[in-house]
Amino acid sequence: MTNSQKSLSTHAKISLATSSVNENLTNELDAYFIGTISIGTPPQNFRIDFDTGSSDLWVPSSQCRSSCNGFNKYNSAESTTYVANGKKFSISYGDGSSASGILSVDVVTINGVAVKNQTFAECTYLVGMTGDINDGILGLAFPSLTSDGEKPFFYNMWSQGLIPEATFSFYLNPDTSATSGGELIFGGADPSKYTGSITYISVSLEGYWEFPIASVSVGSTIVSSSTYAIADTGTTLIIGPTAQINSINIALGVTYDSQSQMYTVDCYTRSLSSLPNVTFTIGDRAFILTPLQYLSISGDQSTGYICYSVFPPSDSTDSNGNLFWILGDYFLYRYYSIFDIQNNRVGFATSMSYDWIPTVDSSLFSTSSTTTNPRTSTMKTTTSTARTTTV
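Each position in the sequence shown, counted from 1, maps to that position plus 5 in this note's numbering.
Shown next, in the form of structure tokens:
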């Protein structure tokens, strides 16, 4: 029995809820998938980034002293269910941002379902988060990744009998013009949001949702075999070890753009149809990304197109010293994801948004492009809630 399974089994439930808890998400700028929670009694509302790459829940405090303008703030004096904890809290993220403050305890409610006695951080200092759309972050990784040693939100939700099973699932919609940006389900999955069968793979190391990958290929060339990956809703891009990413980007013919600090692909003189697919083999199944799925395309025919590779390099290692990939939103757009704590596994199925493509001019697929020169543009590299420390 794994540590996470032991944690679940030590909390007996008198009864189980018969239905899941569904939270609609909004796709903000193709970089944030935001839902709403409330904390306290009466409820204080917060816009939250639900992140499978961390395990802590935090929001700004009414006592915040640094970079908190524009955010909703928790005021313990206004909650009748507040309980003081007082332990110090600090967390850092992979994009250089950080949050610190103190721990508190209160009721946390999502879509009408109240999780009692939830420990969270009310933060008094924020660094690198000015302009962020979300007020705070709710982590959905394993307890061993918590900064404070407290029980994560999902584990409390399960142990209090509020959901029928110890799973949660994500549907992320890449279409920013759509009414719904996605859906997070606690206690189940939504078959209407995926097609075909679910491929499950066992978690290889608890902390992040880490699992083995049989191979990574660009076209017919294998660039990596027997490697590892984590599924991270808090990271926008698909990040991998430098040597493996370099092999992919060489095949794509990328150029580094120092202004955006991104890798660009020539979609002015080169047809996108000439670019290879990128394939992740997980278990015995090939998970394919086509050029329009792994490129971020800005502009139009009149101003010119610029295409960005969503494969930046980073040599992240786990506690065993293994390099791993971070499969962020550009992978999860195309593949519905199920996180199963009870069975210690991750599942992927073809998302209903798999075939969605951005609206682009057909000239991008011609053998001789007639578009104007690519314009200069910027793109947010990652929301990167992957922790800077190893697991």
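For each residue, glycine too, the CB sits at the ideal point set by N, CA and C.
Predicted model, so just to flag it, every value in this text is computed and none were measured.
As assigned by DSSP and simplified to three states, the class of Met134: Secondary structure of Met134 (DSSP, three-state): coil.
Status (buried if at least 16 other CB within 10 Å, exposed otherwise) for Asp320: When all chains shown are included, Asp320 counts as exposed.
Length of the line joining the Cα atoms of Pro65 and Thr200: Straight-line Cα distance between these residues: approximately 39 Å.
Ser81 - DSSP class collapsed to helix/strand/coil: DSSP places Ser81 within a helical segment (H, G or I) once states are collapsed to three.
Assigned exposure category for Arg52 - 16 Cβ within 10 Å defines buried: With 16 or more Cβ atoms within 10 Å of its Cβ, Arg52 is classed as buried.
Under 7 Å between C-beta atoms of Phe285 and Ile218: Taking a C-beta distance under 7 Å as the contact criterion, Phe285 and Ile218 qualify as a contact pair.
Segment contact flag, the region 315-335 with the region 240-254, C-beta cutoff 8 Å, min 3 pairs: Contact between the region 315-335 and the region 240-254 is present: three or more C-beta pairs spanning the two stretches fall below 8 Å.
Alpha helix (DSSP H) segment containing Met267, residue limits: Per DSSP, Met267 belongs to no alpha helix (DSSP H); it is in the beta strand (DSSP E), 267-270.
Opening and closing residue of the alpha helix (DSSP H) in which Tyr160 lies: Counting along the chain, the alpha helix (DSSP H) containing Tyr160 begins and ends at 158-164.
Buried/exposed call for Arg70, threshold 16 Cβ in 10 Å: Exposed, because fewer than 16 other Cβ atoms sit within 10 Å of the Cβ of Arg70.
Where Tyr299 sits in the DSSP three-state scheme: Helix.
Assigned exposure category for Ala126 - 16 Cβ within 10 Å defines buried: Result: buried.
Buried or exposed (CB count within 10 angstroms, at least 16 for buried), Leu300: By the beta-carbon neighbour count (other beta carbons within 10 angstroms, threshold 16), Leu300 is buried.
Close beta carbons around Arg356, own chain, < 6 Å, minus the five adjacent residues each side: In the sequence as presented, Arg is not what sits at residue 356; that position holds Ser. Result list for Ser356: Tyr199, Arg339, Tyr340, Tyr341, in chain order.
Whether Cys312 touches Val270 by CB criterion (7 Å): The beta carbons of Cys312 and Val270 sit closer together than 7 Å.
N-terminal and C-terminal residue of the beta strand (DSSP E) that Ser167 is part of: The sequence shown places Leu at residue 167, rather than the Ser named in the question. Neither: Leu167 is in no beta strand (DSSP E) and is coded neither H nor E.
Distance, Pro296 Cα to Thr372 Cα: A caution first: Thr372 carries a pLDDT of 41, below 50, which makes its placement in the model too unreliable to give a value.
Cβ contact check for the region 172-183 and the region 18-36: 3 or more pairs under 8 Å: By the C-beta criterion, the region 172-183 is judged to be in contact with the region 18-36, since at least 3 inter-stretch pairs fall below 8 Å.
Backbone CA spacing between Ala104 and Glu155 [nearest angstrom]: One C-alpha to the other measures close to 17 Å.
Distance between Gly352 and Glu211 (C-alpha atoms, nearest Å): Using only the alpha carbons, I get a separation of about 15 Å.
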